[in-house]
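Enquirer: Please read through the structure below; I'll follow up with questions.
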Amino acid sequence: MSDPQPIPSCCGTAPPAPGGSNPFVNGLWKQNPVFVQVLGMCPTLAITNSVRNALAMGLATTFVLASSNTLISMVRKLVPKQVRIATYIAIIATSVTVVDYLVKAASISVYKALGPFIPLIVANCIILERAEGFASKKPVFASLLDGLGMGLGFAFALTCLGSVREILGAGTFLGVPLFGSHFEPWVLFLLPPGGFISLALWLVTFTTFRQIKARRAARAAAAAAETVPAGQLVEVRS
Amino acid sequence: MSTPVPPAHAQPSMANAIRMIRVLGVVSLLCGVFIAGAHVTTLERIRHNHEVILRSSVAELLPGATREVIYGVEPSGELTILSDIEEGGSRFFAGYDASGKFLGVVVEASGRGYADVISAMYSYSPEKREITGFKVVDMKETPGLGSRIGTDPDFLANFKALDASLGHPITTVKHGTKKNPWEIDAISGATISSRAVGRMLEASASKMAPVIARNLNRIEQGN
Amino acid sequence: MSTAAVIELRTAPHLHSGLSVEEIMRNVVYALLPLCAYSVWLFGLSALLSMVTAVAACVLTEHLICVASKRPTTIGDWSVVITGLLLALTLPPGFPLWMVVLGSFIAVGPAKMLFGGLGFNAFNPALVGRAFLQAAFPVAITSYTPALALHRFTSFIPSTFAIPLLKAEPLTAWIAQVRVDAFSGATPLVMQKFDHVTTDTWTLFLGTRAGSAGETSALLIALCGAYLVLRRMMDWRIPVAMLLGAALTGMAYHLASPALYPGPGFVLFSGGLMLGATFMATDPVASPTTPLGLWIYGLLMGLITVVIRFQGGLAEGVMYAILLGNALSPLIDRLTQPRIYGAQAKEAAR
Chain A
3 MSDPQPIPSC
13 CGTAPPAPGG
23 SNPFVNGLWK
33 QNPVFVQVLG
43 MCPTLAITNS
53 VRNALAMGLA
63 TTFVLASSNT
73 LISMVRKLVP
83 KQVRIATYIA
93 IIATSVTVVD
103 YLVKAASISV
113 YKALGPFIPL
123 IVANCIILER
133 AEGFASKKPV
143 FASLLDGLGM
153 GLGFAFALTC
163 LGSVREILGA
173 GTFLGVPLFG
183 SHFEPWVLFL
193 LPPGGFISLA
203 LWLVTFTTFR
213 QIKARRAARA
223 AAAAAETVPA
233 GQLVEVRS
Chain B
23 MSTPVPPAHA
33 QPSMANAIRM
43 IRVLGVVSLL
53 CGVFIAGAHV
63 TTLERIRHNH
73 EVILRSSVAE
83 LLPGATREVI
93 YGVEPSGELT
103 ILSDIEEGGS
113 RFFAGYDASG
123 KFLGVVVEAS
133 GRGYADVISA
143 MYSYSPEKRE
153 ITGFKVVDMK
163 ETPGLGSRIG
173 TDPDFLANFK
183 ALDASLGHPI
193 TTVKHGTKKN
203 PWEIDAISGA
213 TISSRAVGRM
223 LEASASKMAP
233 VIARNLNRIE
243 QGN
Chain C
1252 MSTAAVIELR
1262 TAPHLHSGLS
1272 VEEIMRNVVY
1282 ALLPLCAYSV
1292 WLFGLSALLS
1302 MVTAVAACVL
1312 TEHLICVASK
1322 RPTTIGDWSV
1332 VITGLLLALT
1342 LPPGFPLWMV
1352 VLGSFIAVGP
1362 AKMLFGGLGF
1372 NAFNPALVGR
1382 AFLQAAFPVA
1392 ITSYTPALAL
1402 HRFTSFIPST
1412 FAIPLLKAEP
1422 LTAWIAQVRV
1432 DAFSGATPLV
1442 MQKFDHVTTD
1452 TWTLFLGTRA
1462 GSAGETSALL
1472 IALCGAYLVL
1482 RRMMDWRIPV
1492 AMLLGAALTG
1502 MAYHLASPAL
1512 YPGPGFVLFS
1522 GGLMLGATFM
1532 ATDPVASPTT
1542 PLGLWIYGLL
1552 MGLITVVIRF
1562 QGGLAEGVMY
1572 AILLGNALSP
1582 LIDRLTQPRI
1592 YGAQAKEAAR
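Residue numbers (our numbering), protein chains in the order written: chain A, 3 to 240; chain B, 23 to 245; chain C, 1252 to 1601.
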């Protein structure tokens, strides 16, 4: 829906996952859906105004991702190519409907706070992307791990945003006051602009972190390259 | 999608189509079963959650209430007892204490606030023709400003005995200028939200109070 | 319409006006100084401290960002001083200083330097800073204090020294102690909007009323603006068009329902309209460049201001009107580009 990238296979901004890495860690960190792939922006911005909502949304998405990935991987060899997207959508929609009931059963107040965003998980492009990009090609267990990793990575990112917004916007963490009654809340962070501002801050943080790491790796590689032909280098210099 | 589809005149296309329909059919069927299963499993629990929330709200607004009856209001003004807690529409809750004595009713009201719809509940005493309590259920008013309609003790004190008889419309007045029992003293700095509460209560009370007055005997007995 | 002026702006030999950026900016600061002085006379030491803090914080932020990004410092062009002064002038005089510093940082950091500094900012930096503060601290930014309070030259408004990150104490008790006569902490716009009490135009003209530090006196703002216009350092079309737009819209509302909406006189001289139209809408970077575009830009901002005031939830709409105008100005520029000589023939040939 409001996710900017409706076609899953082409919306990742990061290069494809390096082969052979653990799918769980991959989703949680290296290919984090929010901080690296920048997917699923709609729930990321809309319902991270408190840690509780962010966690609930993250866990609901994790459930959908894990179950749809597993089921899709199970049926991957039975489904004709032409109807695979329809099949995936049916499976994802089922997972979302089930999670809708589960959240309602867990807490009505959380359900009301998340509002239309639970049914909208079905439109979150991470889910179809993982179905098409991973679960339709990989064995069941790996797909389950991938779904869990991606989902928890999403939940982690949402919680990061939710923490900034709740701590600054309300002076609380999970509803527990942190600074006493005299704290002046930065109401802005509870309002929609606060979502954009805190997302920007986290993206800057993560990108800087990745850049520093990449630079360090490049320097290490350069150093390694220098040490190997050391003899030649000395000759050139002399 | 981008997968090459066999030409339509080719012989295997019929078999292919049947296979597609079969797979989709089976998947849909299984999905249906899953959904039905989830619905049945969580039904009781969801109902229980709704009841807990309703009961705690009613008990908060009508201290001492241990039992409640949900009355639906038909468009004609007739009352029906609702058994399904999730059923929407025009309705109110009558509260009774342990000895079965009628305490008052709790009505749901909603109205446009500053940011979005404010939904609230208030208790109404048909005997005194007064609103005796008010509680915001859901709102998106500016945190720290308009949201004080749900927390500000001075503002909530307006609703301990707010005259809701039909002679005087409930009105919101400037902070510190409340003179009459049917006026609401606005929160200074949150005038729009305060006024929204006043308008919402006036609209709801002027609609519900006559219905309740007409059926008071029945409601007191709880049938 | 104004083709002569269009050609003047566009044809090839561009005459240098003889004014440097630094000179214009310095003169804008001179034009703001009377407003600052009057504001200190009205609101006392707190207003002075707020201005000093805002200017210092803005200058420091710009300097540090320049140093951090290894560029020569740009504080010498005076534009950052204007940002600081304007920010302070649009805030309530007793606004907590820690919030002033935060607003200054937002105004100069993300709103100006992130875009590339002077000449590249899409929005008026001071207003972005204020918009942030308005959204973050809605209570503090509407806590106004009366003008001409007692002891204003010997003591500070208590909220000025609120401890960083903590709330300022409510000012009600303090206002009751220091108020003179009927001066209350409510601004004329708030009184009009919620209580339908209209302040008389003369008071608005002189500015002896509650409000943001520098917005109160319509007369003084007009004089300072006239100085810049006479020295050809400001385009007169923007303030004139904005005020005209506001007056016409206000008049339409007033004629439709005189009991509910005040006349155009009140609309023009209350709130921050005069200050915004004269000193903020005229930001040369964030406004259109064609004369027709300037008229559209100004009229639109005037209209939006009044519509927000009368229909919206906020008492004042100048800030959002100008920010919206800034956002629209590239579009207005495109729509009002003068036709290039011979371009039509080329297009037809294609």
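The beta carbon of each residue, even a glycine, is placed where N, CA and C say it ideally should be.
These numbers were taken from a predicted model, which means no experiment stands behind them.
Could you pull the DSSP bridge partners for B/Asp207 from this structure?
Expert: B/Val195
Enquirer: How would you list, in chain order, the residues of chain D whose beta-carbon sits under 8 Å from the beta-carbon of C/Leu1416?
Expert: Absent from the structure is chain D; the protein chains it does hold are A, B and C.
Enquirer: In angstroms, rounded to a whole number, what distance separates the CA positions of C/Pro1515 and C/Gly1553?
Expert: Those two C-alpha atoms are separated by around 12 Å.
Enquirer: Taking Cβ positions only, does C/Pro1490 come closer than 7 Å to chain B?
Expert: no
Enquirer: Using alpha carbons as the reference points, say which of B/Asp106, B/Met143, B/Leu188, B/Leu52 lies closest to B/Lys157.
Expert: From the listed residues B/Asp106, B/Met143, B/Leu188, B/Leu52, the smallest Cα separation to B/Lys157 is found for B/Met143.
Enquirer: May I have the straight-line CA-CA distance separating A/Pro45 from C/Trp1546, to the nearest angstrom?
Expert: 41 Å
Enquirer: Between the C-alpha atoms of C/Gly1368 and C/Cys1317, what's the straight-line distance to the nearest angstrom?
Expert: 9 Å
Enquirer: Within 10 Å of its beta-carbon, does C/Arg1322 have 16 or more other beta-carbons around it, so buried, or fewer, so exposed?
Expert: exposed
Enquirer: So is C/Thr1529 buried or exposed if we call it buried at 16+ other beta carbons inside 10 Å?
Expert: buried
Enquirer: Cβ of A/Ile110 less than 7 Å from any chain B Cβ?
Expert: yes
Enquirer: With distances taken from CA atoms, which of A/Leu192, A/Val27, A/Arg78, A/Leu180 is nearest A/Ser138?
Expert: A/Arg78
Enquirer: Got a sec: is the Cβ-Cβ distance from B/Leu184 to anything in chain A below 7 Å?
Expert: Answer no: the Cβ-Cβ gap between B/Leu184 and chain A never drops below 7 Å.
Enquirer: Can you name the residues that DSSP bridges to B/Arg69?
Expert: Answer by DSSP bridge pairing: none, since B/Arg69 is not bridged.
Enquirer: Is there a Cβ of chain C sitting closer than 7 Å to that of B/Thr164, yes or no?
Expert: At least one chain C Cβ lies under 7 Å of B/Thr164.
Enquirer: Please report the Cβ distance between B/Val49 and A/Thr99, rounded to the nearest whole angstrom; I am assuming they are in contact, meaning their Cβ atoms lie under 8 Å.
Expert: Not confirmed; about 14 Å, so no contact.
Enquirer: Is the Cβ of C/Pro1389 closer than 7 Å to any Cβ of chain A?
Expert: yes
Enquirer: Can you give the beta carbon distance from A/Ser111 to A/Val166, rounded, assuming they're within the 8 Å contact cut?
Expert: Going by Cβ atoms, the distance from A/Ser111 to A/Val166 rounds to 23 Å, so no, they are not a contact pair.
Enquirer: DSSP three-state label for A/Phe175, please.
Expert: strand
Enquirer: Do C/Leu1457 and C/Ser1521 have their beta-carbon atoms positioned less than 7 Å apart in this structure?
Expert: Against a cut-off of 7 Å, the Cβ pair of C/Leu1457 and C/Ser1521 comes out as no contact.
Enquirer: Among residues of its own chain, excluding the 5 on either side of C/Ser1463, which ones have a beta-carbon nearer than 7 Å to its beta-carbon?
Expert: Leu1340, Thr1341, Leu1342, Pro1343, Gly1523
Enquirer: Going by the CB atoms, is the gap between C/Tyr1289 and C/Ser1580 shorter than 7 Å?
Expert: No, the Cβ-Cβ distance between C/Ser1580 and C/Tyr1289 is not below 7 Å.
Enquirer: In the structure shown, what three-state DSSP assignment does C/Ala1400 receive?
Expert: coil
Enquirer: Cβ closer than 9 Å: which chain C residues qualify as neighbours of A/Val189?
Expert: Ala1386, Ala1387, Phe1388, Pro1389, Val1390
Enquirer: Check whether the Cβ of A/Val206 sits closer than 6 Å to any heavy atom of the ligand ATP, and report yes or no.
Expert: With respect to small molecules bound, the structure shown includes none, and the ligand ATP cannot be examined in it.
Enquirer: For B/Leu46, go through chain A and note every residue whose CB falls closer than 8 Å to its CB, in chain order.
Expert: For a Cβ distance threshold of 8 Å, residue set Val85, Ala88, Thr89, Ala92 of chain A lies close to B/Leu46, ordered along the chain.
Enquirer: For a contact meaning CB atoms closer than 7 Å, what does A/Leu193 contact in chain C?
Expert: Within 7 Å Cβ-Cβ: Ala1386.
Enquirer: Please tell me whether C/Gly1241 has its Cβ less than 7 Å away from any Cβ of chain B.
Expert: Not covered by the structure: residue 1241 of chain C. The range shown for chain C is 1252 to 1601.
Enquirer: Counting only beta-carbon atoms, is B/Thr193 nearer than 7 Å to chain C?
Expert: For B/Thr193, no Cβ of chain C is located within less than 7 Å of the residue's own Cβ.
Enquirer: Please confirm whether A/Ile128 and A/Gly29 have their CB atoms less than 7 Å apart.
Expert: no
Enquirer: Roughly how many whole angstroms lie between the Cα atoms of C/Thr1262 and C/Thr1541?
Expert: Residue placement at C/Thr1262 cannot be trusted, given a pLDDT of 49 that sits under 50; the coordinates are not used to answer.
Enquirer: Measuring straight from C-alpha to C-alpha, what distance separates B/Gly122 and B/Ser147?
Expert: 16 Å
Enquirer: Buried or exposed for C/Val1569, please, with buried defined as at least 16 other CB atoms from any protein chain shown within 10 angstroms of its CB.
Expert: Only buried fits C/Val1569, as 16 or more other CB atoms lie within 10 angstroms of its CB.
Enquirer: With 7 Å as the limit, tell me which residues of the stretch 210 to 226 of chain B have their beta carbon closer than that to any beta carbon of chain C; keep them in chain order.
Expert: Legend: CB atoms of the stretch 210 to 226 of chain B lying less than 7 Å from CB atoms of chain C belong to residues Gly211, Thr213, Ile214.
Enquirer: Can you grab the Cα-Cα spacing for the pair B/Glu242 / B/Gly172, in whole Å?
Expert: 30 Å
Enquirer: Does DSSP put A/Phe191 in a helix, a strand or coil?
Expert: helix
Enquirer: Could you give the distance in angstroms between the alpha-carbon of B/Ser78 and the alpha-carbon of B/Asp174?
Expert: 20 Å
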